[in-house]
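Following: one structure in structure tokens, then a few remarks.
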Amino acid sequence: MSNAFAGFLANRREALLQVLLIAGSLAALTYTANQFVLRADLTANNRYTLAGASHDIAQTLNDPVTVTAYFSSNLPARFGRTKEEFRALLQEFRAAAGGNVEFQFVNPNEGDQTAREARQAGIRPVTVNVRQQNKMTQKRAYLGAVFQYRDKREVVPFVETNSALEYTIASTMKKLTADDKPVLGVLQGQGEPGLNAMTQLQNGLKGRYDIRTISGVDTAGVPPEVDVLLVSRPESELSTQTALALDQYVMRGGPAIFALNRAQANMRFGQARPQTTGLEPLLESYGLPIRTRLVRDRNASAVRVRQKRGGFTVMNRVRYPYIPQIANFADHPISNGLDQVVFRFVSPLDTTQVDSTAQLTVLARSSQQSGLASLPTSIRPQQEWTVSDFSGASHPVAGLLEGTFSSAFAESDTLSVERTKSPDTKLVVIGDGDFIVNGTGRRKQRLPEGNTNLVANSVDYLAGDTGLISLRTQRVTSRPLMQLEPTTKTVLKYLNVLLPILLVIGYGLVRYRRNRAQRRRWKDAGLST
Numbered sequence: 001m002s003n004a005f006a007g008f009l010a011n012r013r014e015a016l017l018q019v020l021l022i023a024g025s026l027a028a029l030t031y032t033a034n035q036f037v038l039r040a041d042l043t044a045n046n047r048y049t050l051a052g053a054s055h056d057i058a059q060t061l062n063d064p065v066t067v068t069a070y071f072s073s074n075l076p077a078r079f080g081r082t083k084e085e086f087r088a089l090l091q092e093f094r095a096a097a098g099g100n101v102e103f104q105f106v107n108p109n110e111g112d113q114t115a116r117e118a119r120q121a122g123i124r125p126v127t128v129n130v131r132q133q134n135k136m137t138q139k140r141a142y143l144g145a146v147f148q149y150r151d152k153r154e155v156v157p158f159v160e161t162n163s164a165l166e167y168t169i170a171s172t173m174k175k176l177t178a179d180d181k182p183v184l185g186v187l188q189g190q191g192e193p194g195l196n197a198m199t200q201l202q203n204g205l206k207g208r209y210d211i212r213t214i215s216g217v218d219t220a221g222v223p224p225e226v227d228v229l230l231v232s233r234p235e236s237e238l239s240t241q242t243a244l245a246l247d248q249y250v251m252r253g254g255p256a257i258f259a260l261n262r263a264q265a266n267m268r269f270g271q272a273r274p275q276t277t278g279l280e281p282l283l284e285s286y287g288l289p290i291r292t293r294l295v296r297d298r299n300a301s302a303v304r305v306r307q308k309r310g311g312f313t314v315m316n317r318v319r320y321p322y323i324p325q326i327a328n329f330a331d332h333p334i335s336n337g338l339d340q341v342v343f344r345f346v347s348p349l350d351t352t353q354v355d356s357t358a359q360l361t362v363l364a365r366s367s368q369q370s371g372l373a374s375l376p377t378s379i380r381p382q383q384e385w386t387v388s389d390f391s392g393a394s395h396p397v398a399g400l401l402e403g404t405f406s407s408a409f410a411e412s413d414t415l416s417v418e419r420t421k422s423p424d425t426k427l428v429v430i431g432d433g434d435f436i437v438n439g440t441g442r443r444k445q446r447l448p449e450g451n452t453n454l455v456a457n458s459v460d461y462l463a464g465d466t467g468l469i470s471l472r473t474q475r476v477t478s479r480p481l482m483q484l485e486p487t488t489k490t491v492l493k494y495l496n497v498l499l500p501i502l503l504v505i506g507y508g509l510v511r512y513r514r515n516r517a518q519r520r521r522w523k524d525a526g527l528s529t
């Protein structure tokens, strides 16, 4: 009995010793893991790995950046994922900054005081749909953040789901730490859209650029402090003096973006006619004019049109080839990573006139199933389209020129031309001026992110700030279905219906033949015994 008891105690001591050894090993492993953090990003586009530009921004922080994130709880899954992604990226920034990023998450719905603090900080609640107990209800939610650095403060009033969160954080920190902002001049005075009509573009750039409207250039010229000039959709033809002022801005090395309409579309009368902007001589001289044609593309947006069905008039959505969804982009910092850009009555670029003094990069093209329409032309959505309307190759609709350029007024005898040759500079030419216009009032609309990103990336590139361009387009992208020929669609439709039936019939025949063969074998075996 005593031997058995002694053996029991020995086994118990051995078991206790093993438990203590395991616990000690786990404690040592936990301590080591806390000292040496291993991060692994398994996303397809390295969504949780900071880019080099973000590392540079984080490492230049001389003082802590304090982030107060106001996020409501108990929200739908997509908002919860955004919150966790935001938290994970802040942790990455804190690691890159050596601890100079401090953050906390606050739920404003916990009490009136925290909600009041969020509103006073500039974060307004938004209404989101929440499904509870098989019913859809609406809930007021907060999804914003306040960044503070020294005596400066920046507010992100709404953190969008599926947005470029790393760009949001990095650009906000850059705004706080930047001493001087480049000047973006926006030409006005010829019917161009005002800044209040381009709110998405303005909101995306205003923190890092000093955005100024530029007018009266026919007498005063473009101010010398302008770093990048945007000329977007002038509705009236520019005077010769205004065109000369823009030309001389380019001749002194000023980079510019020309987003111009060469077609005047009237949906009410279903007609599009040629439009003259007064900038045609400049683009001809620089080597990248916009043609007086319209691009039509099978990969296009849908519009609502009235159609008669029997004795009734109904509203249907039909593909409208004159609003193409461009998804063919160059591998260039401006266009790389763009999802799609939706143009309205875009004209193609003439790339045959580029000479050896400049390098051309076609930033965006229509699809291979596209064509051109000469102006004037009918633009009625109800018209019937044929295969021949889209039989042409892809057409360039946005391009970048880099090099030296000759003045459009170099041989003028009546104008005082100060410079006839430019130093190395950059120009972006786009065959549509409406694609970045949100509008105002009741006609205001939200644009696809790719539209504003194309111009915002162009501004960054022309200003020499390419660090954050790739971050702006780092988001969850759409995967549009490939456009198919009508014959292919018909074949696939019937195949989709008949193939399952044929498979079931085939499986039944195989089972029947196999069972019959097995019965024969059994029968033969029974006869032989």
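In the UniProt record's numbering, the protein residues as written are 1 to 529. Don't be surprised by glycine CBs; every beta carbon is placed ideally from N, CA and C. In this text the structure is predicted, and so the values were computed from the model without any measurement.
Those residues which DSSP pairs with residue i across a bridge
| i | result |
| --- | --- |
| residue 71 | 143 |
| residue 210 | 183 |
| residue 149 | 65 and 152 |
| residue 496 | None, per the DSSP bridge assignment. |
| residue 128 | 139 |
| residue 326 | 341 |
| residue 402 | 359 and 426 |
| residue 294 | 373 |
| residue 304 | 317 |
| residue 312 | 309 |
| residue 122 | Answer is none; residue 122 lacks a bridge partner. |
| residue 392 | 370 |
| residue 378 | 271 |
| residue 195 | Note: residue 195 sits in no beta bridge, so no partner. |
| residue 115 | Its beta-bridge partners do not exist; DSSP assigns none. |
Straight-line Cα distance separating residue j from residue i
| i | j | result |
| --- | --- | --- |
| residue 106 | residue 88 | 16 Å |
| residue 401 | residue 323 | 25 Å |
| residue 466 | residue 334 | 9 Å |
| residue 282 | residue 225 | 22 Å |
| residue 155 | residue 165 | 14 Å |
| residue 201 | residue 49 | 27 Å |
| residue 189 | residue 217 | 9 Å |
| residue 542 | residue 356 | Because the chain in this structure spans residues 1 to 529, residue 542 falls outside the shown range and cannot be described. |
| residue 176 | residue 140 | 29 Å |
| residue 123 | residue 157 | 5 Å |
| residue 191 | residue 452 | 20 Å |
| residue 75 | residue 163 | 17 Å |
| residue 338 | residue 448 | 11 Å |
| residue 385 | residue 104 | 57 Å |
| residue 168 | residue 72 | 19 Å |
Residues of its chain near residue i, where Cβ-Cβ distance is below 7 Å and the 5 sequence neighbours each way are ignored
| i | result |
| --- | --- |
| residue 378 | 270 and 271 |
| residue 277 | 234, 237, 238 and 260 |
| residue 497 | none |
| residue 368 | 393 and 394 |
| residue 170 | 53, 54, 57, 468 and 471 |
| residue 219 | none |
Other residues of its chain near residue i: CB distance less than 6 Å, five sequence neighbours each side excluded
| i | result |
| --- | --- |
| residue 292 | 262, 274 and 375 |
| residue 443 | none |
| residue 94 | 101 |
| residue 64 | 100 and 102 |
| residue 182 | 209, 227 and 463 |
| residue 425 | 253 and 255 |
| residue 361 | 330, 332 and 400 |
Extent of the continuous alpha helix (DSSP H) to which residue i belongs
| i | result |
| --- | --- |
| residue 175 | 165 to 177 |
| residue 266 | Careful: residue 266 lies outside any alpha helix (DSSP H), inside the beta strand (DSSP E) at 263 to 266. |
| residue 460 | 449 to 462 |
| residue 56 | 52 to 59 |
| residue 257 | Premise fails: residue 257 lies in the beta strand (DSSP E), 256 to 259, not in any alpha helix (DSSP H). |
| residue 471 | 469 to 472 |
| residue 201 | 199 to 205 |
| residue 228 | First-last for residue 228: 228 to 232, but that is the beta strand (DSSP E), not the alpha helix (DSSP H). |
| residue 388 | No alpha helix (DSSP H) holds residue 388; DSSP gives it neither H nor E. |
| residue 434 | Per DSSP, residue 434 belongs to no alpha helix (DSSP H) and is neither H nor E. |
Close-in-space but distant-in-sequence residues of the same chain around residue i (CB under 8 Å, 5 per side omitted)
| i | result |
| --- | --- |
| residue 389 | 296, 321 and 371 |
| residue 529 | Summary for residue 529: the model assigns pLDDT 43, below 50, so the residue's position carries little reliability; its value from the coordinates is reported in the next sentence. Here the set comprises nothing. |
| residue 313 | 306 and 307 |
| residue 328 | 364, 365, 366, 367 and 394 |
For residue j and residue i, believed in contact at Cβ under 8 Å, the rounded distance
| i | j | result |
| --- | --- | --- |
| residue 437 | residue 198 | 6 Å |
| residue 397 | residue 366 | 6 Å |
| residue 307 | residue 299 | Going by Cβ atoms, the distance from residue 307 to residue 299 rounds to 22 Å, so no, they are not a contact pair. |
| residue 409 | residue 244 | 6 Å |
Limits of the unbroken beta strand (DSSP E) element including residue i
| i | result |
| --- | --- |
| residue 534 | There is simply no residue 534 to check, as the chain begins at 1 and stops at 529 in what is shown. |
| residue 239 | No beta strand (DSSP E) contains residue 239, which DSSP labels as neither H nor E. |
| residue 274 | 271 to 274 |
Residue i Cβ short of 6 Å to the ligand FAD heavy atom set
| i | result |
| --- | --- |
| residue 400 | Of the ligands one can find in the structure shown there are none, so the ligand FAD has no counterpart to examine. |
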